[in-house]
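Asks: What follows is a single structure, and I will ask about it in a moment.
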Amino acid sequence: MAESQMISDAVAAALPDLPDQVVKSVEDTLKALGAVTADDLQYITEGDLLPVLKPIQARRLVAAWAQNKSSTPTPALACSSPGSLLSSPSLSPVTPSPASSTATSSSPGSCYSHLQNWLDTFQIPWQKLPEELVQSLERQKRPSARLRREMIRIVVSEMMKICKNPTKHNTTEIAKRMVARYPKSLQDVIDGDVIGLGYHSLAKQLQSRVENVKRPDTPKMKKRKAASDDDTDEVSAEQRASVQDTYGCVNWMPKHLPLPETVESQLEKKEKMKTFEGMNFNSDAVKELMKSTYFTQRKEINNGASIQKLSQEWPFLFKEVGMAAHFQELTGVRLIESFLANVDKKGARLLNFFKRIDAHKHKQVLDALLKLQTERSQSTGCSEEVIQMVLLLLAHFDEKEEHLFHFVEKTSLAEEVQMESVPSTPCLIVCGKYIEPNLQAFSTSILTLTCTLGLFTFMLTCSPLGDTG
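Each residue of the sequence shown is one higher than the last, beginning at 1 in UniProt numbering.
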């Protein structure tokens with residue numbers, strides 16, 4: 001096994017929950033310091049790792065390597081239990097060679113040190129697969145999704161009997177072997193063309209299964225202590241907010257007010273935005289006000305304020321301009337621009353899938369496609385692609401158009417729409433019987449609805465909002 005992979009596995013063994021990107025950063029840092037073999041890890045100090053790791057993580061890593069330096073490992077064949085790596089007093093000490101003298105994690109379930117070559121001897125359990133699946137593989141047929149999932153479960157189960165914490169490198173190597181044996185059945189293929197290296201989706205499924213099996217042992221991220229002064233079973237909004245998954249956020253809860261802001265200036269700007277509602281406001285001014293008051297917005301959201309209260313105190317938080325500004329501060333992503341860029345990049349491929357593959361499998365998709373071709377206008381470009389994607393997605397998931405569109409008379413004004421007949425869910429009100437005549441306006445509305453729903457859904461799942469009453 002390559003020395004670089006041995007170093008990567010040494011890091012993953014000591015800190016099994018560390019994301020792959022961070023492991024790669026640590027590996028690059030170690031290489032920059034001159035650590036080219038596993039033996040070099042014993043000379044790494046905590047300060048060397050602080051640029052890429054938190055202090056506690058750095059200490060754990062250094063402690064694990066120091067412990068390995070002071071102990072003499074004995075050969076073993078598996079690491080399915082924490083005690084499987086313990087030395088036997090009846091065995092003579094073994095002096096490790098440079099290729100095998102590596103760090104051993106002190107955490108239960110890790111799988112490194114002299115066991116780093118388990119992958120070389122691992123046998124894929126073909127004999128344990130269901131007979132129906134074996135028949136499909138041997139006859140070079142694509143297995144059903146159900147059988148493929150069963151195969152993933154069996155293979156990962158056998159892997160984790162030997163190694164409790166398989167790395168992404170491990171799952172990728174095993175996926176590569178599986179595809180090499182049964183390429184016709186397991187390779188990534190679309191329209192006869194091999195996609196990428198051919199085994200990415202299988203490797204991804206194996207890694208996802210490993211992470212799902214490990215999930216019960218992974219603690220949730222604790223944001224703050226949720227102390228209780230009584231013994232009742234009632235849980236306050238603040239307590240519900242204490243444990244939250246902040247995946248995707250770069251600024252979940254700012255620690256300080258931005259300079260030169262004060263509590264008084266925040267309140268003034270908050271009241272100023274309230275006066276803007278119902279008036280012709282300047283979008284740039286609202287964006288700047290939303291950005292400067294982000295600290296106070298997040299404080300109220302994370303403290304469990306209800307949606308009703310938030311809509312009263314922060315009306316622009318529920319409008320596109322304010323919601324987009326808040327989302328950008330929360331995630332660092334400009335959603336509208338990102339959405340349009342992905343439509344340009346992936347729209348044609350998605351439409352090609354619907355037209356060439358999905359239409360032959362689902363009658364409702366074929367019907368929608370024929371209807372689009374019959375009623376389509378002369379317009380082309382991104383606007384038409386957005387329309388086609390939305391309508392074909394509705395057909396693919398067998399959703400009814402009336403759930404998304406509410407048709408009214410062509411000459412109707414906004415104030416003339418009978419709101420009691422409008423669905424309670426978010427929808428688009430279309431003037432006329434067809435959506436095609438005003439293609440650009442429709443595309444803009446679709447974009448607005450899609451992005452607004454995406455923004456608000458993410459903010460809801462990322463924020464412990466309380467009672468909506």
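The C-beta atom is built at its ideal place from N, Cα and C for all residues, glycine as well.
#1: Hey, I7 and A32: beta-carbon distance below 9 Å or not?
#2: Count the C-beta pairs between the region 315 to 330 and the region 278 to 298 that are closer than 8 Å, then say yes if the count reaches three, no if not.
#3: Mind reading off the beta-carbon distance from F122 to M178? Whole number of angstroms is fine, and I expect it under 8 Å.
#4: So F327 is in the alpha helix (DSSP H); what residue range does that whole segment cover?
#5: Could you pull out every residue in the same chain whose Cβ sits closer than 6 Å to the Cβ of V47, ignoring the five residues on either side in sequence?
#6: Under the rule that 16 or more other beta-carbon atoms within 10 Å means buried, what is Y43, buried or exposed?
#7: To the nearest angstrom, how far is it from the Cα of L133 to the Cα of P254?
#8: Considering residue 470, what are the terminal residues of the beta strand (DSSP E) in which it resides?
#9: Counting Cβ pairs closer than 8 Å, one from the region 383 to 401 and one from the region 413 to 424, do we hit at least three?
#10: Below 7 Å CB to CB, which residues in the same chain sit around A12 once its five sequence neighbours on both sides are set aside?
#11: Comparing C-alpha positions only, which one of T171, G278, T425, S338 sits nearest to F405?
#12: For L137 versus S185, is the C-beta spacing smaller than 9 Å?
#13: Here's a check: name, in chain order, each residue in its chain whose Cβ is nearer than 7 Å to the Cβ of T171, leaving out the five neighbours to either side.
#14: According to the Cβ coordinates, are W252 and L369 closer than 9 Å?
#15: For Q266, count the other beta carbons within 10 Å of its own beta carbon; 16 or more makes it buried, fewer makes it exposed. Which is it?
#16: Looking only at C-alpha atoms, which of Q364, C427, L30 sits nearest to F397?
#17: Would you check if the distance between the CB atom of W314 and the CB atom of K287 is smaller than 9 Å?
#18: Could you give the distance in angstroms between the alpha-carbon of R181 and the alpha-carbon of R139?
#19: Could you tell me the distance, in whole angstroms, from the CA atom of L30 to the CA atom of I56?
#20: Quick check on the burial criterion: 16 or more other C-beta atoms within 10 angstroms. Buried or exposed for M290?
#21: Which stretch, first to last residue, makes up the beta strand (DSSP E) that contains I357?
#22: Would you decide whether D230 is buried or exposed? Buried here means 16 or more other CB atoms lie within 10 Å of its CB.
#23: Exposed or buried, which one is F318 when buried takes at least 16 other CB atoms within 10 Å?
#24: In the DSSP output, what is C431 paired with across the bridge?
#25: List the endpoints of the continuous alpha helix (DSSP H) containing Q140.
#26: Here's a check: name, in chain order, each residue in its chain whose Cβ is nearer than 7 Å to the Cβ of K141, leaving out the five neighbours to either side.
#27: Alpha carbon to alpha carbon, how far is E277 from I336?
#28: How is the alpha helix (DSSP H) around residue 510 delimited, first residue to last?
#29: In this structure, what does DSSP give as the bridge partners for V189?
#30: By how many angstroms is the C-alpha of E385 removed from the C-alpha of L351?
#31: Go ahead and label R298 buried or exposed: buried means 16 or more other beta carbons lie within 10 angstroms of its beta carbon, across all protein chains shown.
#32: Helix, strand or coil for I124? Go by DSSP, reduced to three states.
#33: Can you tell me which of F353, V321, I429, V213 puts its alpha carbon nearest to the alpha carbon of D284?
#34: Just mark P51 as buried or exposed, buried being the case when its beta carbon has 16 or more other beta carbons within 10 Å.
#35: What does the alpha-carbon distance come out to for the pair K214 and Q21?
#36: Go through its chain and collect everything with a Cβ distance to P125's Cβ below 8 Å, but skip five positions before and after it.
Replies: Taking the structure as given:
#1: Contact flag unset, no.
#2: Taking 8 Å as the limit for Cβ pairs, the verdict is that the region 278 to 298 does touch the region 315 to 330.
#3: No, F122 and M178 are not in contact; Cβ-Cβ is about 12 Å, not under 8 Å.
#4: That run of the alpha helix (DSSP H) goes 320 to 331.
#5: What sits at residue 47 in the sequence shown is Gly, not Val. Counting only residues of its own chain and dropping the five nearest sequence neighbours on each side, G47 has no CB closer than 6 Å to any other CB.
#6: With fewer than 16 other Cβ atoms within 10 Å, it is exposed.
#7: When rounded, the distance between both Cα atoms is 52 Å.
#8: With the chain covering only 1 through 469, there is no way to say anything about residue 470.
#9: Segments in contact, no.
#10: Exclusion of the five residues before and after A12 leaves L18, V23, N165, T167 as the residues of its chain whose Cβ lies within less than 7 Å of its Cβ.
#11: With distances taken between CA atoms, F405 lies nearest to T425 out of T171, G278, T425, S338.
#12: Between L137 and S185, the gap from beta carbon to beta carbon is short of 9 Å.
#13: Excluding residues within five positions, the ones whose Cβ falls inside 7 Å are A203, L206, Q207, V210.
#14: No, Cβ-Cβ distance for W252 and L369 is not below 9 Å.
#15: Flag for Q266 reads buried.
#16: Among Q364, C427, L30, the Cα nearest to that of F397 belongs to Q364.
#17: No.
#18: Distance between the alpha carbons of R181 and R139 is about 12 Å.
#19: Straight-line Cα distance between these residues: approximately 18 Å.
#20: By the neighbour-count rule (16 or more Cβ atoms within 10 Å), M290 is buried.
#21: I357 -> no beta strand (DSSP E), and no H or E assigned at all.
#22: In this prediction, D230 scores a pLDDT of 48, lower than 50, which makes its location untrustworthy; no coordinate-derived value is stated.
#23: Exposed: under 16 other Cβ atoms inside 10 Å.
#24: C431 pairs with V408.
#25: For Q140, no alpha helix (DSSP H) segment is defined, and its DSSP state is neither H nor E.
#26: Cβ within range, chain order: S185.
#27: Cα-Cα distance, rounded: 23 Å.
#28: The shown model of the chain, from 1 to 469, leaves out residue 510, and the question about it has no answer.
#29: Paired residue(s): V194.
#30: Spanning the two alpha carbons is a distance of roughly 8 Å.
#31: Taking every protein chain shown into account, the CB of R298 has 16 or more other CB atoms within 10 angstroms, so this residue is buried.
#32: Of the three classes helix, strand and coil, the one that applies to I124 here is coil, per DSSP.
#33: Measuring from the Cα of D284, the nearest candidate turns out to be V321.
#34: Here P51 is exposed, its C-beta having fewer than 16 other C-beta atoms within 10 Å.
#35: Looking at the two C-alpha atoms, the distance is approximately 18 Å.
#36: Scanning its chain for C-beta atoms nearer than 8 Å, with the 5 sequence neighbours on each side dropped, one finds around P125 the residues I154, V155, E158, in chain order.
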